[in-house]
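Right, one structure below, let's go through it.
2 protein chains.
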Amino acid sequence: MAETETSTSKEEDHTSKDENKFNDSNDVVTPWNVTSISSEGVDYNKLIDHFGSEKIKPELLERVEKLTGKPPHRFLRRGIFFSHRDMNSILNDFENKKPFFLYTGRGPSSEAMHLGHLIPFIFTKYLQDAFDVPLVIQLTDDEKFLWKDLTVEKANEFAYENAKDIIALGFDVNKTFIFSDIDYIGSSTAFYQNMIKIQKCVTFNQVKGIFGFNDSDSIGKISFPAIQAAPSFSNSFPDIFGSRSDIHCLIPCAIDQDPYFRMTRDVAPRLGYPKPALLHSQFFPALQGAQTKMSASDPNSSIFLTDEAEDIETKINKYAYSGGGITVEEHRKKGGNCDVDIPFQYLKFFFEDDQKLDEIKESYNSGKLLTGELKKILIDILKPMVRSHRERRAAITEKEVKQFMTPRKLAFDY
Amino acid sequence: MAETETSTSKEEDHTSKDENKFNDSNDVVTPWNVTSISSEGVDYNKLIDHFGSEKIKPELLERVEKLTGKPPHRFLRRGIFFSHRDMNSILNDFENKKPFFLYTGRGPSSEAMHLGHLIPFIFTKYLQDAFDVPLVIQLTDDEKFLWKDLTVEKANEFAYENAKDIIALGFDVNKTFIFSDIDYIGSSTAFYQNMIKIQKCVTFNQVKGIFGFNDSDSIGKISFPAIQAAPSFSNSFPDIFGSRSDIHCLIPCAIDQDPYFRMTRDVAPRLGYPKPALLHSQFFPALQGAQTKMSASDPNSSIFLTDEAEDIETKINKYAYSGGGITVEEHRKKGGNCDVDIPFQYLKFFFEDDQKLDEIKESYNSGKLLTGELKKILIDILKPMVRSHRERRAAITEKEVKQFMTPRKLAFDY
Chain U
1 MAETETSTSK EEDHTSKDEN KFNDSNDVVT PWNVTSISSE GVDYNKLIDH FGSEKIKPEL
61 LERVEKLTGK PPHRFLRRGI FFSHRDMNSI LNDFENKKPF FLYTGRGPSS EAMHLGHLIP
121 FIFTKYLQDA FDVPLVIQLT DDEKFLWKDL TVEKANEFAY ENAKDIIALG FDVNKTFIFS
181 DIDYIGSSTA FYQNMIKIQK CVTFNQVKGI FGFNDSDSIG KISFPAIQAA PSFSNSFPDI
241 FGSRSDIHCL IPCAIDQDPY FRMTRDVAPR LGYPKPALLH SQFFPALQGA QTKMSASDPN
301 SSIFLTDEAE DIETKINKYA YSGGGITVEE HRKKGGNCDV DIPFQYLKFF FEDDQKLDEI
361 KESYNSGKLL TGELKKILID ILKPMVRSHR ERRAAITEKE VKQFMTPRKL AFDY
Chain X
1 MAETETSTSK EEDHTSKDEN KFNDSNDVVT PWNVTSISSE GVDYNKLIDH FGSEKIKPEL
61 LERVEKLTGK PPHRFLRRGI FFSHRDMNSI LNDFENKKPF FLYTGRGPSS EAMHLGHLIP
121 FIFTKYLQDA FDVPLVIQLT DDEKFLWKDL TVEKANEFAY ENAKDIIALG FDVNKTFIFS
181 DIDYIGSSTA FYQNMIKIQK CVTFNQVKGI FGFNDSDSIG KISFPAIQAA PSFSNSFPDI
241 FGSRSDIHCL IPCAIDQDPY FRMTRDVAPR LGYPKPALLH SQFFPALQGA QTKMSASDPN
301 SSIFLTDEAE DIETKINKYA YSGGGITVEE HRKKGGNCDV DIPFQYLKFF FEDDQKLDEI
361 KESYNSGKLL TGELKKILID ILKPMVRSHR ERRAAITEKE VKQFMTPRKL AFDY
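The listed protein sequences correspond, in order, to chains U and X.
So the first sequence is numbered by UniProt numbering: it starts at 1 and just counts up by one.
So the second sequence is numbered by UniProt numbering: it starts at 1 and just counts up by one.
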C-alpha cells in the first residue's frame, strides 16, 4: 500500500518500552490512572520527554494567531494545552487551504459530567470556530461497558446524557457529528473495516507494552484501542468525507490519552493513512490538590455540572486545597502559593482576563488577597457558569440530540 | 441476569486445559490444523473423550427419524456426523413445538470452494428441510482478512462468491439469511452488542488456552472468537427473531470448530442466553489420504467445484490414495482396504444407496472390485454432481444473492 506519510516531526519508534508507560518515582500517567507525589502535580516537561511529543512554544502560538486572525485560546496562552504532535503540519495544511478535521471524545462512565470533562470540549469548540473545520466526537460507551460494572444499555444511556452536556457548549450542528460507539459501529461498515485493519496491525505484545494489559484482561479490553484509533482516519466517516482517507486529523485531548494515539500513529502509515496530529492538555486537578485529576468516581473531588450554587460554594470552601497561609497573620506575612492553590488553578482554566488574573496572582502571592477572597472570586465565576450550562442543557431537545448523532453530510465539501 | 440455562448434558467446565487442545502423539485437531499420523485419519472416539462431547448413538438416529418422519441423512447413518452436544435438548424443543434455529458458516479464504467445504452445508440443508427451521450462515470474511494475506475488499469479495456456491445447494430464501461479517457487523447494533458482551466475559488467558494464541498474535485474532460466537444467540438477528434471546441454536459443523462453541457455551449462561447445541462432523479427507483434510491451499489435495470433468478424472486417478493391492494379482489375492481408501471414503460421503455401498465395500475388500473400477464409480458420481452444481451456481442472479444477504424477516413467527 502506498504510504501517505506526511509527518514532519522527528522520527518515532514506539516499540521501545520507555515511553509506553510513564511511571517514574514521582508521577504515574496512564489512560486509567493519573497521580503525582508533588502538590504542583505532574511534571509536564518530563512527560514531554517520556512520551516523545513536542512542547508548544510561543512561535506556534504566534502562528496560530496569525493564521486564525484571533488571539489563541486562554488554554494555549496559559500552557494548559502544552504539548503537541505535528501541529505545524496541520497549520501548513491550513495555510495551503488543505482541509483537516477535529476528533475528540469521552468515555461516558456516568450520567453527570464534571468541570474537568469540559476542558477538551471547550478547547475543541475554540478550534472549530477558529479554523472552521468539521468535528467528530466519539462517545466510547463500549469501552465503559467493557471496563466498568455497567450494562450495555446503561453505558449507551450515559453516552446520550453526556452528548447533551457536550452540545450545550455550543457546537455547530452543521459541522459536528457526535456518535456512540455502540450505535455507530453497528451502522457503519467503513468504521468496522478500519477497526479490523488496525487490529490486524497491532499485537498483544504491543498493547501490553502501551497500555499495560495482562493475560487476565478481557479480549474486549485488549482489542478496544483499535476502536479509539479508528476515528483518526477520515474514511471511517463516509457520510462526512466520502471515501477520502487522506484528510488530516487533529486530536485535542488530555495527555493521558496519548498512548492510544501513539499506537494510531504507528499504524497509520502501514494502512496508507496520514498520522493524526495532537494537542495535549494538562489535567484538571481534583479539589484536594494537583496530585490527582478530578474524578467522577470521587464526588468530593469534583464539581459536577449538576451541582447547585450552594454545592459549589460548599465544595470550594470546604475541599479546595489552599496554597494560603494557615492563619490570616501568616498569610499576610508570607503570602500564598498560587502554584499549588486549587482555586487559583481553576481560575487559570476559567478566568478570561489575563491582566486581572496576573493581578490576582500577585495579590495572593504577596499575601494581600486572602484565601476566602480568592475562593469567592472563583465561586462567583463558577456559579453562573454552571447554572447557565445547565439552562442551555435543559433547553436541548431530543430532536437536536438526534440531529447531532445522525451520520450525515456536514457543511463542508470534499 | 437470569440464567436460562436449559442444557441437559453432563456438567461442563472448559477452563481445564486438557480438552482445549487436542494434540496427542497421533492427532492434532485445531480450527487451523488437522493432522493425524494414522492412514485411517483422526481417532474420533478419542476426540469425543478429549472434547467432552457425546457420541451420536443409534437411539438418537431413531428419535430423529421418528420426529422428522424421514430417514436420517446418510451423513448420520454412516457416522460422518458422529458427535453432538445437547442434541436431545433440541429434539425435546422440537417435540414440544418450541422453535430453534440453525447456524453454520464458512471462512471465505478463496474464490473456489472444494468438496470438503460442502459437507456442513449439505447436512444443514437436510436439517432445514427435515425440521423446517430458520437458518443463519456466517461468512467470516473479517477472520480471513485477519489471518491471511488478503485485503478487506478481497475477503469480502470471496464471501459473496462463496455465498453463490452455498445458495446453489438449494437453500430456501424465505428461511435463510446469509451474511458477511464485514457487512453485517457494520449494519447491526444488536450483533455488535453481543460481540462486546461476549468479549467482556472472555480473557486472553482463556483464548490462549482454547485456541493457542500467543503474545505475538494480533488483537484482531485475539478478539475474533467472540464474532464466531455471536450468531449462536438469537437476539443477534433482530430482523429474524425480534428481541428474543431465548431461541435455541443448533450448529452443524466440522469438529475442529468445536473450540469456538465450547467457549460460547461457557459464556452463554453468564449472559442469560441458552447454550448452542452442536452436531460435529468428521473431516473430509485430502486426496492423498486421511492423515489430513482437504485444503484449498493445496490444490492437488482437493477437488474444486470449479474443476472440469477431466480435472476430476485426472485428480482421482492420479492422486486419490488407494487402499488396493499394489498389483492386480495382489489385490485379487489379499483384497483392498476401504478404511484407508480415499475413493471409497468419498463414496461414503456422496453415494446415497446404503445397500449398494455395502456391496461395493465387500467387493473391494474381497479383491473382486479393482482400484480402477472403484475410482470409476466415484468419478461417475462426482462429474455430474460438480457439473450440475456449477450450472445451478451460474444461474444464480445478483438479485438472489442480495435477497439471501439482506437482513430481513424470515418465514417464521416469533
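Cβ coordinates follow ideal geometry from the N, Cα and C atoms, glycine included.
Could you pull out every residue in the same chain whose Cβ sits closer than 6 Å to the Cβ of residue i, ignoring the five residues on either side in sequence?
i          : result
Arg-265(U) : Lys-275
Phe-349(X) : none
Leu-279(X) : Phe-81, His-84, Pro-252
Pro-407(U) : Asp-239
Leu-76(U)  : Leu-61
Phe-412(U) : Pro-134
Ala-155(U) : Asp-141, Lys-144, Phe-145
Roughly how many angstroms separate the alpha carbons of residue i and residue j, rounded to a whole number?
i              : j          : result
Lys-148(U)     : Gln-288(U) : 25 Å
Leu-102(U)     : Ala-394(U) : 26 Å
Ser-301(X)     : Lys-315(X) : 9 Å
Thr-397(X)     : Asp-172(X) : 15 Å
Ser-188(U)     : Ile-182(X) : 10 Å
Leu-67(U)      : Ser-363(U) : 35 Å
Gly-336(U)     : Asn-317(U) : 16 Å
Gly-107(U)     : Pro-225(U) : 13 Å
Gly-325(X)     : Gly-116(X) : 27 Å
residue 424(U) : Glu-153(U) : Residue 424(U) cannot be examined here, being either before or after the span of chain U that is shown, 1 to 414.
Where does the unbroken alpha helix (DSSP H) through residue i begin, and where does it stop?
i          : result
Gln-291(U) : Here Gln-291(U) belongs to no alpha helix (DSSP H); instead the beta strand (DSSP E) covers 289-293.
Cys-253(U) : Element bounds for Cys-253(U): not the alpha helix (DSSP H) but the beta strand (DSSP E), 248-254.
Thr-124(U) : 115-131
Leu-357(X) : 354-366
Val-386(X) : 371-394
His-331(U) : 328-334
How far does the beta strand (DSSP E) with residue i in it reach, from first residue to last?
i          : result
Asn-33(X)  : 33-36
His-280(X) : 277-281
Thr-264(U) : Counting along the chain, Thr-264(U) falls outside any beta strand (DSSP E), though it belongs to the alpha helix (DSSP H) covering 258-271.
Arg-106(X) : 100-106
Ser-236(X) : Taken as a continuous stretch (DSSP letters only), Ser-236(X) belongs to no beta strand (DSSP E), as it is neither H nor E.
Ile-80(X)  : Where Ile-80(X) is concerned, there is no enclosing beta strand (DSSP E), given that its DSSP letter is neither H nor E.
Phe-179(U) : 176-180
Leu-135(U) : 135-139
If I measure Cβ to Cβ from residue i and keep anything under 8 Å in the same chain, skipping five residues before and after, which residues do I get?
i          : result
Thr-246(U) : For the sequence presented, residue 246(U) should be read as Asp rather than Thr. Same-chain partners within the cutoff: Thr-4, Ser-234, Tyr-273, Pro-274.
Asp-93(X)  : Pro-99, Phe-100, His-248
Met-263(U) : His-14, Val-202, Gln-206, Val-207, Ile-210, Pro-225, Ala-229
Less than 7 Å between C-beta atoms, sequence neighbours within five positions excluded: which residues of the same chain meet that for residue i?
i          : result
Ala-230(U) : Phe-191, Asn-194, Met-195, Ile-198, Ser-236
Pro-285(X) : Gly-41, Lys-293, Met-294, Ile-342, Gln-345
Asp-132(U) : none
Lys-409(U) : Asp-239, Ile-240
Ala-163(U) : Leu-139, Ile-178, Val-401, Phe-404, Met-405
Arg-332(U) : Gly-367
His-389(X) : Ala-168, Leu-305
Gly-170(X) : Lys-125
Does residue i pass the burial test, meaning 16 or more other C-beta atoms within 10 Å, or should it be called exposed?
i              : result
Ala-2(X)       : Reliability fails at Ala-2(X), whose pLDDT of 36 lies under 50, so the model's placement of it is uncertain and no value is given.
residue 416(X) : Nothing about residue 416(X) can be reported from this structure: the residues present for chain X run from 1 to 414 only.
Ser-322(U)     : buried
Lys-125(X)     : buried
Gln-355(X)     : exposed
Ile-166(U)     : buried
Asp-307(U)     : buried
Ile-37(U)      : exposed
Thr-140(X)     : buried
Arg-244(U)     : exposed
Ala-290(U)     : buried
To the nearest whole angstrom, what separates the beta carbons of residue i and residue j, a pair I think is in contact under 8 Å?
i              : j          : result
Asp-217(U)     : Phe-204(X) : 6 Å
Val-29(X)      : Ile-255(X) : 7 Å
Ala-130(X)     : Lys-70(X)  : 6 Å
Lys-55(X)      : Phe-82(X)  : 7 Å
residue 485(U) : Val-328(U) : Beyond the ends of chain U as shown, which are 1 and 414, falls residue 485(U); an answer cannot be given.
Pro-134(U)     : Lys-175(U) : 5 Å
Ile-312(X)     : Lys-399(X) : Actually they do not touch by this definition, with Cβ atoms about 31 Å apart.
Arg-63(X)      : Leu-91(X)  : 6 Å
Ala-296(U)     : Ser-109(U) : 6 Å
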